[in-house]
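*Asks:*
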Amino acid sequence: MRPWYKNLDWMTVLIWALLVCAGLTAIYSATHGPAREFLLLSVQRNFNRQLMWFGVSAAVMLAIILTPARFVFKISPLVYVFTVGLLVAALFFGREVNGARSWLYIGPFGLQVSELAKVGTLLLVARMLSANPAREGKWSYLMLAGATVMLPAVLIVLQNDAGTALVFLALIPILLFWSGTVPLSWMALLVAPVVVGYLYIVNPLVAGFFALVFSVGMMFVMRSKAFGGVAGLFSFGTLVMVYIALDKVLQPHQQARIRAFADPERYRLTEGFHVIQAKAAIGSGGFLGKGFTNGTQTQLAYIPEQSTDFIFCVIGEEFGFVGAMILLVLFGMLIIRVATLGTAAGFAFPRLFAAGVTGIFLVHVLINVGMTIGLMPVIGIPLPLISYGGSALLANTAMIAIALNLHARRDEFAIYTG
Amino acid sequence: MKFKPAVTKEDTRLRLRIFSGVVMFVMAVLSLRLAQMQLVDRERYTVEAEGNAVEEKLIRPARGYILDRNGELLVDNETTLSVTVSPRYFDEADVPEVAELAGLPEASVRRRYEEIRARSRYQTDVLLSDVSFPAFARLQEAQYRLRGIGFEEGQRRRYHGEARLSHALGYVREISPDQLAEMQEEGYRMGDMVGITGIEREYETVLRGRVGRKYVLVNVHGMEVQPYEDGAYDVQPESGFELHLTIDAKVQALAESLFVNKRGGAVMMDVRDGAIISMVSAPDYDLSEWRGRLSQEFVDYVYRNPDRPLFVRATQSYQPPGSSWKPFMALMALQEGILTEETTLYCGGGYLLGGRLFRCHGGAHGSISVVTAIQRSCNTFFFRVMNDTINGKRMNLDTFGTWARRFGFGTLAPIDIPEQHPGLIPDSAYYDNLYPNGWGPGYTVNLGIGQGNMGVTPLQLARYAAVVANGGTLVTPHLVKEQIDPATGELREPVFRRQRDLPIDPENIAIVQRGMELVVEAGTARRAQIPQAGDYPAIRVAGKTGTSENPRGADHSVFIAYAPAENPVVAVGVLVENAGFGSTTAAPIASLLIEQYLRGEIMRSHVVSAVRARSSARDRGA
């Protein structure tokens, strides 16, 4: 039996550190380059604060790794209750930032509690899904696990931060996939709504065509009319739901954002502005980029939120295709590596926790990078470890640290078989 | 129903593989898109990014200053504040707020914005020029939320000194959309100032200078950040030329003060080269009122006042010259051989033509020669010159017209002022048209005494007086002495049409000159005498009064003069509307202008007071 510290995956720690450093570099350029004179003083300080959070996160990572795995497992309900409790508190005592009431201030110290809730939620759901009732496929228990995810999601929607809530919802199919309670073929049915919804925004006709092909295709592949029927229900149902959501449920400004995604040029000065400027920044970066603190789009402040949600533009513009690719490769390695670590011991809890962490990272990278290059509508969620934001850095680091901990101390898990 | 937990080692491995596949698929999609943007379509996005950042800014040159003949500053510039707009950043929904902050009607701001937008989406243009400081401060405070709104300095004309020179200088306004459509190729842009009348218009290209250009990097708020490529493509503006006028500001100020409460015009020029020393037109207006949005009071005055202040009476108002015409008649008749110095004609108090008596004023003059006829302004004498066969020769309308045009009547002078009227010198076609049933000598005989169907402007009168004074040369009147490049000191003298020597014998000129000297010495214009005063010797003035008959009301007072008689320097033409005899108002005005110019001061303040006390009467029902 190897001691835990010999099992620690230093590769993951290295990738984590590289990503955080890339983020610090980009934040430095966006706040301390020539652009600084157009920025509010509070934004200029972003770099120094992120540097401080880097230190805090590293300390937290170390602390978590030093914690016995069993203790982590045990306190997971407590962490959930605590972080969800913070969400509720933010609703009442929170401060509104960019329209979302998701900040809780303790003195000058601000916490974006929705980020912390990810850690608690993930811990509890992984624990529930690795318990026997779930593994036996008890529907009621699965529903309870679903409710565990939905509760913080609803609270976050109430805080008016739909983007982060969406990430929570994305956890459900990801965890279902990994928990093994649902056959793989059924997972395909869950993919359909995502694709149909996306295509509908781009072009409703294409979405309809895809729904038809998908339903008929599933029927033939599964050799079951019933399965084809369910597939049709899922895909066409989504079509109708998205139609209703876009035209009836969403606020006019949200509808405009969706339309701007489909046709940014038409909304050049309003909703399309972000996307056009972001694309111009990245596209003009070319192969090698314009150089550190030399990007005109970045330094002339054409990109809104460039140290937070649109940080990828800084990298794309100043470090070009090469820089952007290095970043994507690092993310790909981190995600696959952490997921692999989760499966190493053959236990459900670490596997499901790692699945949740990597799922969240994947969704964040896809949506965040996707929106800066015009593949996704503008949904304001940060790029993990890169975007400015202390709470997010802390939460993301903590999640990686827990996954590392569960992997390194897998031998301590002997009693939880499976 | 229960699902079977399907998490064997193999199953987990499969799921990990599927998940890794999804991760790689997502990364591949993002990478392909990045490759397409950064490697394939890079050019397109670079254009977009540079179009964002690099902006061409025009630097308006300083408009040339204007000085008088003695170097006294008349016009320079002062800085104004302008609000600019970049249509590609500006949200039209902000128009009401901009209008409110600027204190302007929303409709006018919107119209202006639409004009700018229609011209170019990418060009920053002046939305509001010459805004007041409070409005500027309000807009600047709100700039952070009014995207695409910027500020720049503009300039407006600033006027100095006592002389208003309204009509000679002319006014400057922001270029109108119609003018812009015409002048865009010359590099004019919205918000540019352009001369509308007078010298400002005539010398627009000289005064304007050359527009400079600079290329700057601008940030998302349209704020200038730094020069593009260290200013490698920038072009410096070149200030407009300084104009040194022939106008004497002191004489001009006096002339304007003498014309208060009067309507009319006067021109005084150097008889040797036609340099205009003073050009006054009354009523006039305050040039500095032409700025920003005109006050309603000013608009009413300038456009609706029945006396028409914009009308340049000095060069556009034409009236019969009255008896001031007689020296011209005399010169023409002498030159044509109709008269000689010795020829005497009899005046019995009038001239009978076709049963109608054309009266002479001042009773019967008896048998008089041409010199006396001028001195005493005998009408009969000049009726006969116009109509009778004398010395075997007779005047006809063609000869009359030819000579009149030689003297510059009935034509536009090649002067550097755009506003002019040629006046009226009739020919037979004119009478055929006016009297289709036939006309005879009775219709044209009045022309002999400068009445009837003819009209001359004060400018033409002064030029004509100069011909008599300088011995028969038709000078070219002009307002600009020289143009100086303020940067290099380079001097340019405008090229005017060469002056013309008229076919007049010196002895005939001398006869008429003697007549005009006697008019002032012992004739109808004794009020124009400038006696010895203090250390100044007397100035001998030669002149001729005129009373322009006005069928609609009081006659117009006319006077032409030159001085000093023995060695003429200046000539004057004065017309005061509805002010009676030429001797009462026009003559003293002319003599005061001559005194001011030749002596540099006025020694006869009682004459000034007397002239100021007179005013133009109203036309009956006009």
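Protein sequence lines, in the order shown, are assigned to chains A and B. Start counting the first sequence at 214; every next residue gets the next number (the working numbering). Start counting the second sequence at -5; every next residue gets the next number (the working numbering). The C-beta atom is built at its ideal place from N, Cα and C for all residues, glycine as well.
Please compile the residues from chain E whose C-beta is within a distance smaller than 8 angstroms of the C-beta of lysine 3 of chain B.
*Replies:* Protein chains A and B are contained in the structure displayed, whereas chain E is not.
*Asks:* Can you name the start and end residues of the beta strand (DSSP E) that tryptophan 316 of chain A belongs to?
*Replies:* Run containing tryptophan 316 of chain A: 313 to 319, per the beta strand (DSSP E) assignment.
*Asks:* According to DSSP, what are the bridge partners of isoleucine 53 of chain B?
*Replies:* In the DSSP output, where bridge partners are listed per residue, isoleucine 53 of chain B has B:Gly206.
*Asks:* With respect to the beta strand (DSSP E) encompassing lysine 475 of chain B, which residues constitute its N-terminal and C-terminal limits?
*Replies:* 474 to 478 is the extent of the beta strand (DSSP E) around lysine 475 of chain B.
*Asks:* Output, in sequence order along the chain, the residues in the region 582 to 594 of chain A whose CB is closer than 9 angstroms to any CB in chain B.
*Replies:* The region 582 to 594 of chain A vs chain B, Cβ under 9 angstroms: Val582, Gly583, Ile586, Gly587, Leu588.
*Asks:* Should the region 266 to 278 of chain B be regarded as contacting the region 305 to 314 of chain B, the criterion being three or more beta carbon pairs within less than 8 angstroms?
*Replies:* Because the criterion of three Cβ pairs below 8 angstroms is met, the region 266 to 278 of chain B and the region 305 to 314 of chain B touch.
*Asks:* Just the chain A side, please: which residues come within less than 9 angstroms of threonine 191 of chain B by C-beta, in chain order?
*Replies:* Under the 9 angstroms cutoff, chain A gives no residues; its nearest Cβ is about 41 angstroms from threonine 191 of chain B.
*Asks:* Where valine 188 of chain B and glutamine 467 of chain A are concerned, what is the direct C-alpha to C-alpha distance, given to the nearest angstrom?
*Replies:* Answer to the nearest angstrom: the Cα atoms are 49 angstroms apart.
*Asks:* In angstroms with no decimal places, state the Cα-to-Cα distance between arginine 436 of chain A and glycine 442 of chain A.
*Replies:* Cα to Cα, the separation comes out at about 12 angstroms.
*Asks:* Between the region 387 to 396 of chain B and the region 530 to 542 of chain B, do at least 3 Cβ pairs fall closer than 8 angstroms?
*Replies:* Short answer: they don't touch.
*Asks:* Specify, as a first and last residue, the run of the beta strand (DSSP E) that isoleucine 362 of chain B falls within.
*Replies:* Here the beta strand (DSSP E) through isoleucine 362 of chain B covers 360 to 363.
*Asks:* Using beta carbons (cut-off 8 angstroms, strictly below), is phenylalanine 566 of chain A in contact with chain B?
*Replies:* No - not a single Cβ of chain B is within 8 angstroms of the one on phenylalanine 566 of chain A.
*Asks:* Taking Cβ positions only, does tyrosine 138 of chain B come closer than 8 angstroms to chain A?
*Replies:* Judged by the 8 angstroms Cβ criterion, tyrosine 138 of chain B is not in contact with chain A.
*Asks:* Assuming arginine 622 of chain A and alanine 282 of chain A make a contact with CB atoms under 8 angstroms, what is their CB distance in whole Å?
*Replies:* Arginine 622 of chain A to alanine 282 of chain A, Cβ: 4 angstroms. Contact.
*Asks:* What does the alpha-carbon distance come out to for the pair leucine 291 of chain A and alanine 313 of chain A?
*Replies:* Their backbone Cα atoms lie some 26 angstroms apart in a straight line.
*Asks:* Look at the Cβ atom of histidine 245 of chain A, then the Cβ atom of phenylalanine 260 of chain A, and state whether they are nearer than 8 angstroms.
*Replies:* It is a contact, given that the beta carbons lie within the stated cut-off.
*Asks:* Which residues in the same chain have their Cβ closer than 8 angstroms to the Cβ of proline 55 of chain B, if we skip the five residues on either side of it in sequence?
*Replies:* Around proline 55 of chain B: Arg202, Gly203, Arg204, Val205, Gly206, Pro231, Glu232, Ser233, Gly234.
*Asks:* Checking 8 angstroms against the spacing of the C-beta atoms, do threonine 585 of chain A and serine 270 of chain A come in under that value?
*Replies:* Taking 8 angstroms as the Cβ cut-off, threonine 585 of chain A and serine 270 of chain A do not qualify as a contacting pair.
*Asks:* Which same chain residues, not among the five before or five after valine 582 of chain A, have their C-beta less than 6 angstroms away from its C-beta?
*Replies:* Excluding positions up to five away in sequence, the list reads Phe525.
*Asks:* With 8 angstroms as the limit, tell me which residues of the region 22 to 45 of chain B have their beta carbon closer than that to any beta carbon of chain A; keep them in chain order.
*Replies:* Answer in chain order: Val23, Leu24, Ser25, Arg27, Leu28, Ala29, Met31, Gln32, Leu33, Asp35, Arg36, Arg38, Tyr39, Thr40, Glu42, Ala43, Glu44.
*Asks:* Taking C-beta pairs closer than 7 angstroms, name the residues in chain B that tryptophan 391 of chain A reaches, listed in chain order.
*Replies:* Those within 7 angstroms of tryptophan 391 of chain A in chain B are Arg9.
*Asks:* Would you decide whether isoleucine 588 of chain B is buried or exposed? Buried here means 16 or more other CB atoms lie within 10 Å of its CB.
*Replies:* So isoleucine 588 of chain B ends up on the buried side.
*Asks:* Identify the continuous alpha helix (DSSP H) that holds arginine 151 of chain B and give its terminal residues.
*Replies:* Unbroken run through arginine 151 of chain B is the beta strand (DSSP E), 143 to 153; no alpha helix (DSSP H).
*Asks:* Given a threshold of 16 other Cβ atoms within 10 Å of its Cβ, counted over all protein chains shown, does valine 620 of chain B qualify as buried or as exposed?
*Replies:* Given a span of -5 to 616 for chain B in the structure shown, any question on residue 620 of chain B remains unanswerable.
*Asks:* With proline 224 of chain A as the anchor, note down where its alpha helix (DSSP H) starts and where it stops.
*Replies:* Here residue 224 of chain A is methionine; the residue named in the question, proline, does not match the sequence. Per DSSP, methionine 224 of chain A belongs to the alpha helix (DSSP H) from 223 to 245.
*Asks:* With 16 as the cutoff for other CB atoms within 10 Å, does phenylalanine 401 of chain B come out buried or exposed?
*Replies:* So phenylalanine 401 of chain B counts as buried.
*Asks:* Considering only the beta carbon of each residue, do isoleucine 419 of chain B and glycine 446 of chain B sit closer than 8 angstroms?
*Replies:* For isoleucine 419 of chain B and glycine 446 of chain B, no; Cβs fall outside 8 angstroms.
*Asks:* Taking 8 angstroms as the CB-CB cut-off, is valine 125 of chain B touching chain A?
*Replies:* Closer than 8 angstroms: no.
*Asks:* DSSP has leucine 468 of chain B in a bridge; who is on the other side?
*Replies:* According to DSSP, leucine 468 of chain B bridges with B:Arg494.
*Asks:* By the DSSP assignment, the beta strand (DSSP E) with glycine 98 of chain B in it spans what residues?
*Replies:* For clarity, residue 98 of chain B is leucine in the given sequence; the question names glycine instead. Careful: leucine 98 of chain B lies outside any beta strand (DSSP E) and carries neither H nor E.
*Asks:* Secondary structure at aspartate 119 of chain B, three-state DSSP: helix, strand or coil?
*Replies:* Three-state DSSP puts aspartate 119 of chain B in a strand.
*Asks:* For chain B, check one thing: does any of its Cβ atoms lie closer than 8 angstroms to the Cβ of threonine 244 of chain A?
*Replies:* No - not a single Cβ of chain B is within 8 angstroms of the one on threonine 244 of chain A.
*Asks:* Can you tell me whether glycine 498 of chain A is buried or exposed? The criterion is at least 16 other CB atoms within 10 Å of its CB, across all chains shown.
*Replies:* Answer is buried; the Cβ neighbour count reaches 16.
*Asks:* At what residues does the alpha helix (DSSP H) containing glycine 5 of chain B begin and finish?
*Replies:* According to the sequence shown, residue 5 of chain B is aspartate rather than glycine. Unbroken alpha helix (DSSP H) run through aspartate 5 of chain B: 3 to 29.
*Asks:* Compare the C-alpha of valine 551 of chain A against each of A:Val542, A:Gly536, A:Phe562, A:Thr571 and name the closest.
*Replies:* Among A:Val542, A:Gly536, A:Phe562, A:Thr571, the Cα nearest to that of valine 551 of chain A is on A:Thr571.
*Asks:* Which bits of chain B does alanine 383 of chain A rub up against, with CB to CB less than 9 angstroms?
*Replies:* Simply none; closest approach about 12 angstroms.
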